[in-house]
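Visitor:
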Amino acid sequence: MKDRIQKIEKQIKEAAEKAGRNAEAIRLVAVSKIKPAEMVREAMEAGQRVFGENYIQEAVAKIEEIGSGDIEWHFIGHLQSKKSKYAAGAFALIHSVDSLKLAKEIDKQAAKLGIVQAILIQVNTSGEESKSGTTSEEAIEMVREVAALENVAIKGLMTMPAFFDDPEGARPYFRQLRLIKERIEALAIPGVEMKELSMGMSGDFEVAIEEGATLVRVGTAIFGARNYNS
Ligand SMILES: *Cc1c(COP(=O)(O)O)cnc(C)c1O
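Position 124 of the sequence shown, counting from 1, maps to 436 under my numbering, and the rest follow consecutively.
#1: Checking 8 angstroms against the spacing of the C-beta atoms, do glutamate 519 and glutamate 480 come in under that value?
#2: Measuring straight from C-alpha to C-alpha, what distance separates glutamate 377 and alanine 349?
#3: So who's on the other strand from valine 341, going by DSSP bridges?
#4: Looking only at its chain, what residues have a beta carbon closer than 8 angstroms to the beta carbon of glutamine 318, apart from the 5 residues adjacent to it on each side?
#5: Can you list the alpha helix (DSSP H) stretches of 4 or more residues lying completely in the region 328-392, in chain order?
#6: When the Cα atoms are used, what is the spatial distance from arginine 316 to glutamate 326?
#7: Can you grab the Cα-Cα spacing for the pair lysine 467 / asparagine 539, in whole Å?
#8: Would you please state the rounded distance, in angstroms, between the beta carbons of alanine 342 and valine 362? I believe it to be under 8 angstroms.
#9: Comparing the CB of glycine 515 with every heavy atom of ligand 1, is any distance shorter than 7 angstroms?
#10: If you run the structure through DSSP and keep just helix, strand and coil, what is leucine 412?
#11: Report whether the distance from the Cβ of methionine 472 to the nearest heavy atom of ligand 1 is below 7 angstroms.
#12: Classify alanine 373: buried if its beta carbon has 16 or more other beta carbons within 10 angstroms, exposed otherwise.
#13: Less than 7 angstroms between C-beta atoms, sequence neighbours within five positions excluded: which residues of the same chain meet that for phenylalanine 403?
#14: Using a 10 Å radius around the Cβ and a threshold of 16 neighbouring Cβ atoms, would you call glutamine 360 buried or exposed?
#15: Comparing the CB of lysine 345 with every heavy atom of ligand 1, is any distance shorter than 7 angstroms?
#16: Determine the closest residue to valine 458 out of Gln429, Glu370, Ala415, Glu505, with distance taken between C-alpha atoms.
#17: Apart from the five residues on each side of it in sequence, which residues of its chain come closer than 7 angstroms, Cβ to Cβ, to serine 542?
#18: Compute every distance between the C-beta of glycine 381 and the non-hydrogen atoms of ligand 1, then say whether any falls below 7 angstroms.
#19: Taking 7 angstroms as the cut-off, is the CB of alanine 533 close to at least one heavy atom of ligand 1?
#20: By how many angstroms is the C-alpha of tyrosine 398 removed from the C-alpha of tyrosine 367?
#21: Which same chain residues end up closer than 7 angstroms to serine 438 when comparing Cβ atoms and leaving out the 5 residues on each side of it in sequence?
#22: Flag this pair as yes or no: are the beta carbons of valine 455 and alanine 422 separated by less than 8 angstroms?
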């Protein structure tokens, strides 16, 4: 586990150098969905500090078991509005806010807790029907609307393009997310920070870094293949 994490950290550094970027600006999110708490602990012992989860019940149980003292939990999966009461406050960052309705629900739950929940707006850059996310065209409008909510704070954007055997296939979608980010930055909307670009997974995180990723979400390359039946 330690070797795998160190290898990825090295690849992150090399991809950053190749792109003329500071590797310090890129954080590895270890995607621990389906994987048991002891594997998360093993990764923690290897120095990993940020973990991403997809399924709310599983995530809540794991956070309860492991705690969040010296690590950060991020939520990266599809979140139903009615489940937002479990997510608000439990995660340092929710990457997958894909509708105004969901943002409003998180805002309401965060207000009850007296907190401001950090979120990213998920954009469906590749336009597949099976994928969550606002369209690239609607992303800016959604950011404006969500920015008006007091108990959520937009920190950037997230995307998960279609799967390509060749990671270069994802590059245009990563680039598109960066361009949307730059357009939003130029609008200087009060309360909106465009600090984070969450993009890139095990197969394509280096390409994502070249296109500006600040959070790469890596599961398989750290924890091994996921067996949903076990
Ligand atoms: C599962 C998942 C990942 C990690 O994918 P790997 O290919 O295992 O690295 C990243 N992002 C999201 C949104 C995921 O659901």
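Idealized CB from N, CA, C, for every residue including glycine.
Guide: For this structure:
#1: It is worth fixing the name first, because residue 519 is valine in this sequence and not glutamate. A contact, by the Cβ cut-off of 8 angstroms.
#2: 8 angstroms
#3: Arg529
#4: Ala358
#5: 349-357, 368-378
#6: 15 angstroms
#7: 33 angstroms
#8: 7 angstroms
#9: yes
#10: helix
#11: yes
#12: exposed
#13: Trp385, His386, Phe387
#14: buried
#15: yes
#16: Ala415
#17: Here serine 542 scores only 48 on pLDDT, less than 50, and its place in the model is too uncertain to base an answer on.
#18: no
#19: yes
#20: 11 angstroms
#21: Pro473, Ala474, Tyr485
#22: no
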